[in-house]
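Visitor: One structure is given below, represented as structure tokens, and several questions about it will come after.
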Amino acid sequence: MMIKEIFIVILLVAGCFFFLAGTLGLLRFPDLFSRLHALTNADNLGLGFIAAGIALYIASPWAAVKIFFIWILTLLSSATSSYLIARFQREQEKSKNGKEE
Numbered sequence: 001m002m003i004k005e006i007f008i009v010i011l012l013v014a015g016c017f018f019f020l021a022g023t024l025g026l027l028r029f030p031d032l033f034s035r036l037h038a039l040t041n042a043d044n045l046g047l048g049f050i051a052a053g054i055a056l057y058i059a060s061p062w063a064a065v066k067i068f069f070i071w072i073l074t075l076l077s078s079a080t081s082s083y084l085i086a087r088f089q090r091e092q093e094k095s096k097n098g099k100e101e
């Protein structure tokens with residue numbers, strides 16, 4: 001195999017590893033906040049590695065730019081959705097305990 005193909009395989013395997021780590025964090029961590037932290041960080045990093053591997057695999061620079069923008073939009077949407085889920089959970093816990101800010 002060529003050096004480029006070896007580098008692509010390394011990036012894809014690293015991405016799969018981080019997706020697996022995020023999934024294990026989802027299954028193993030005790031509360032919602034730590035689960036969100038594991039999923040958001042590991043999956044964003046895993047997607048970045050996989051996007052980089054795919055961008056190297058496709059020879060088109062325009063397609064690589066599209067993949068980069070997809071990754072950026074996914075970073076923004078995952079951070080926003082994780083924040084909203086965590087805020088909702090925190091408000092639910094406050095109302096359950098009878099506390100008001």
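The working numbering applies: residue 1 is where the sequence shown begins, and numbers increase by one. Ideal placement from N, C-alpha and C gives every residue a C-beta, glycine not left out.
How would you call N55, buried or exposed, if buried means at least 16 neighbouring beta carbons within 10 angstroms?
Guide: Here the sequence assigns Ala to residue 55, which means Asn is not the residue at that position. By the neighbour-count rule (16 or more Cβ atoms within 10 Å), A55 is buried.
Visitor: Apart from the five residues just before and just after F18, which ones in its own chain have a Cβ nearer than 6 Å to its Cβ?
Guide: A42, L45 and G46
Visitor: How long is the line joining the alpha carbons of T80 and L73, rounded to whole angstroms?
Guide: 11 Å
Visitor: Is it buried or exposed for G53, if we count other Cβ within 10 angstroms and need 16 for buried?
Guide: buried
Visitor: L27: buried (16+ other C-beta within 10 angstroms of its C-beta) or exposed?
Guide: exposed
Visitor: In angstroms with no decimal places, state the Cα-to-Cα distance between G98 and F88.
Guide: 15 Å
Visitor: In angstroms, rounded to a whole number, what distance separates the CA positions of I10 and G22?
Guide: The alpha-carbon atoms of I10 and G22 are separated by roughly 18 Å.
Visitor: In chain order, what residues of the same chain have a beta carbon less than 6 Å from the beta carbon of L32, not counting five sequence neighbours either side?
Guide: Q89
Visitor: Taking the continuous alpha helix (DSSP H) assigned at I85, which residues delimit it?
Guide: P61 to N97
Visitor: Taking the alpha carbon of L75 as the reference point, which residue from G25, L39, W62 and Y57 has its own alpha carbon closest?
Guide: L39
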